[in-house]
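Numbering (the UniProt record's numbering), first residue to last: 1 to 481.
What follows is a single structure, written as structure tokens, with notes after it.
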């Protein structure tokens, strides 16, 4: 902080409003859950700041996990280097535009009654700190706060130039980012969170439990808890919200096979019962048998972008709402997947499929534009969207004899999809249900259906500490080709 001239010591005047400080101490662990560093950080108590007086805008963008996964797939198919750097004390490099006075931190040998600190640079904890750090960025990189992933044929020069401006930690070839372990080979890159899964199982005492073969039993439909269920759950004295948050982290980063289970369990965060807790434990049993599962990027530029859309009609037993599930592959590798309960009730399977297709189309609109902005050289041809409901396809393409008055309540969604079809952004392709790769995102399916979809999408068992099991790798390569 002294080297970067983060603050000046000034006299404390009566009209100064001081922002408090606190020290945060933690240990940094690697992908083997080994402690590699002890860290301490002085943080501002940003909750004491006043909007409009102490700070203005605060939002600063961070890279989406989907973006990182797409860039990894692109790097594999183009044989690009994938390196990582960490900006040391990133926020301390960002100048402040507002005047902020800080109370004297504990451990600094100054009289708190007579002196205070006037900040020249941002520090962790300030409301405006993330935005202040993001402003200088002028290059297309994957940036998540102070972690930067660099993709390119020649990354050495950029790292040298970045090092002239900031103090950086050059990690070299990326090995751990956003909590995901990264394994590089000549033909593929893989992402997994085995270290996090192991710690999670240990936390809940499930590291020695008997594994099961699916996240939830097939045809599982969770219902609101009864009074008796609520009492039994409260007696356990466990934090349900935190538990579901931990598996949600897995499902959004490297484990799409958990998406439907997490979506179902998340609907009962306010009033969880014993059946919901038992369902969570079932997910942990599944994780115990699949700790080494992750995403394998084994890409083929000829495959381009493909998408799959699906819906499970009336899945919710209480509200009879349907579930949307869709996924997107980039050059044969999975980069986007979503599971969500639909916001309204639809009166037919086709209508639920329209809603899912509308959600996917919106996502593809963003994804296509993002790929173009990043110069990822995607084809200008319409993106193939695989759909297993013929009635849905016929209605969207205008080949249906359905009474249009019956479709008025979803008219806007239909026109939204049709507009993107006319613009040659998407092309609907009928795919039988037994070949629908997004089926596992909308319901609890059997092991054969789950395994078929995951193998086809490159979601594989990676073996102990990252070595791809030959059986699964060979099967995956056949499917991906």
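We treat Cβ as the ideally placed atom computed from N, Cα and C, and that holds for glycine.
Everything numeric in this text was worked out from a predicted model, so none of it was measured.
Exercise for the section: Would you kindly work out how many angstroms separate the C-alpha atoms of residue 363 and residue 5, rounded to a whole number? Expected result: On the chain shown, residue 363 is found 363 positions in, with the first residue counted as 1. On the chain shown, residue 5 is found 5 positions in, with the first residue counted as 1. In this structure, the CA atom of residue 363 is about 44 Å from the CA atom of residue 5.
Exercise for the section: Return the residue from the list 328, 103, 163 that minimises the CA-CA distance to residue 84. Expected result: For the purposes of this step, residue 84 is taken as residue 84 along the chain shown, with counting starting at 1. Looking only at 328, 103, 163, the smallest Cα-Cα distance to residue 84 is reached by 163.
Practice task
Consider the C-beta atom of residue 55 and the heavy atoms of the ligand HEM; say whether any pair is separated by less than 6 Å.
Solution key: With respect to small molecules bound, the structure shown includes none, and the ligand HEM cannot be examined in it.
Exercise for the section: Measuring only between beta-carbons, confirm whether residue 373 sits less than 7 Å from chain B. Expected result: Structure shown: chain B not included; a single protein chain is present.
Handout entry: Cβ-Cβ separation, residue 323 to residue 442 (assumed contact under 8 Å), whole Å
Key = Taking the chain shown and counting its residues from 1, the one referred to as residue 442 is at position 442. Taking the chain shown and counting its residues from 1, the one referred to as residue 323 is at position 323. A Cβ-Cβ distance of about 5 Å is found for the pair residue 442 and residue 323, placing them in contact under the 8 Å criterion.
Problem - Short Cβ contact (7 Å threshold) for residue 437 with residue 453 - result: Stepping through the chain shown from its first residue, residue 437 is reached at position 437. Stepping through the chain shown from its first residue, residue 453 is reached at position 453. It is a contact, given that the beta carbons lie within the stated cut-off.
Exercise for the section: Would you mind working out which of 377, 381, 421 sits nearest residue 393, comparing C-alpha positions? Expected result: Working through the chain shown from its first residue, we reach residue 393 at position 393. Among 377, 381, 421, the Cα nearest to that of residue 393 is on 421.
Practice task
Keeping to the same chain, check which residues put their C-beta closer than 7 Å to that of residue 299; ignore five residues upstream and five downstream.
Solution key: The count along the chain shown starts at 1 and reaches residue 299 at position 299. Taken in chain order, the residues that qualify are 73, 76, 77, 331, 332, 333.
Practice task
Identify whether residue 16 lies in helix, strand or coil by the three-state DSSP scheme.
Solution key: For this step, residue 16 is matched to residue 16 along the chain shown. The answer is coil: DSSP assigns residue 16 none of H, G, I, E or B.
Handout entry: Proximity below 7 Å, CB of residue 433 to CB of residue 388
Key = By 1-based counting over the chain shown, the position of residue 433 is 433. By 1-based counting over the chain shown, the position of residue 388 is 388. The answer is yes: Cβ separation under 7 Å.
Handout entry: Same chain, Cβ closer than 6 Å to residue 286, neighbours up to 5 away in sequence not counted
Key = In the chain shown, counting from the first residue as 1, residue 286 sits at position 286. These residues qualify, in order along the chain: 212, 215.
Exercise for the section: Would you kindly check if the distance between the Cβ of residue 446 and the Cβ of residue 218 is under 7 Å? Expected result: Here the question's residue 218 lines up with position 218 in the chain shown. Here the question's residue 446 lines up with position 446 in the chain shown. In this structure, the beta-carbon distance from residue 218 to residue 446 falls below 7 Å.
Handout entry: Sufficient close CB pairs (3 or more, under 8 Å) joining the segment 227-240 to the segment 269-276
Key = Three or more Cβ pairs drawn from the segment 227-240 and the segment 269-276 lie within less than 8 Å of each other, which places the two stretches in contact.
Exercise for the section: Tell me where the beta strand (DSSP E) around residue 116 begins and ends. Expected result: One-based indexing of the chain shown puts residue 116 at position 116. Residue 116: member of the beta strand (DSSP E) spanning 115-119, first to last residue.
Problem - Residues bridged to residue 65 (per DSSP) - result: Numbered from 1 along the chain shown, position 65 holds the residue referred to as residue 65. DSSP lists no bridge partner for residue 65.
Practice task
Tell me, to the nearest whole angstrom, how far the beta carbon of residue 427 is from that of residue 385; I am working on the premise that it is less than 8 Å.
Solution key: Position 427 of the chain shown, counting from 1, holds the residue named residue 427. Position 385 of the chain shown, counting from 1, holds the residue named residue 385. Confirmed, Cβ separation roughly 7 Å.
Exercise for the section: Under 7 Å Cβ to Cβ from residue 390, same chain only, skipping five residues before and after it: list those, please. Expected result: Position 390 of the chain shown, counting from 1, holds the residue named residue 390. Taken in chain order, the residues that qualify are 430.
Handout entry: Close beta carbons around residue 66, own chain, < 7 Å, minus the five adjacent residues each side
Key = In the chain shown, counting from the first residue as 1, residue 66 sits at position 66. Within the same chain, Cβ atoms closer than 7 Å to the Cβ of residue 66 are found at 335, 336, the five residues on either side in sequence being excluded.
Handout entry: Pick from 113, 123, 376, 312 that is closest to residue 357, judged by C-alpha positions
Key = Numbered from its first residue, the chain shown carries residue 357 at position 357. That would be 312, whose Cα lies nearest to the Cα of residue 357.
Problem - Cα-Cα separation, residue 250 to residue 193 - result: Numbered from 1 along the chain shown, position 250 holds the residue referred to as residue 250. Numbered from 1 along the chain shown, position 193 holds the residue referred to as residue 193. In this structure, the straight-line span from the alpha carbon of residue 250 to that of residue 193 is close to 7 Å.
Practice task
Can you tell me which of 246, 231, 383, 374 puts its alpha carbon nearest to the alpha carbon of residue 303?
Solution key: Working through the chain shown from its first residue, we reach residue 303 at position 303. Among 246, 231, 383, 374, the Cα nearest to that of residue 303 belongs to 383.
Problem - Cβ pair count under 8 Å reaching 3, the segment 242-257 against the segment 166-174 - result: Below 8 Å, too few C-beta pairs join the segment 242-257 and the segment 166-174 to call them touching: fewer than three.
Handout entry: Cross-strand partners of residue 84 (DSSP beta bridge)
Key = Translated into positions along the chain shown, residue 84 becomes position 84. Its beta-bridge partners are 149, 172.
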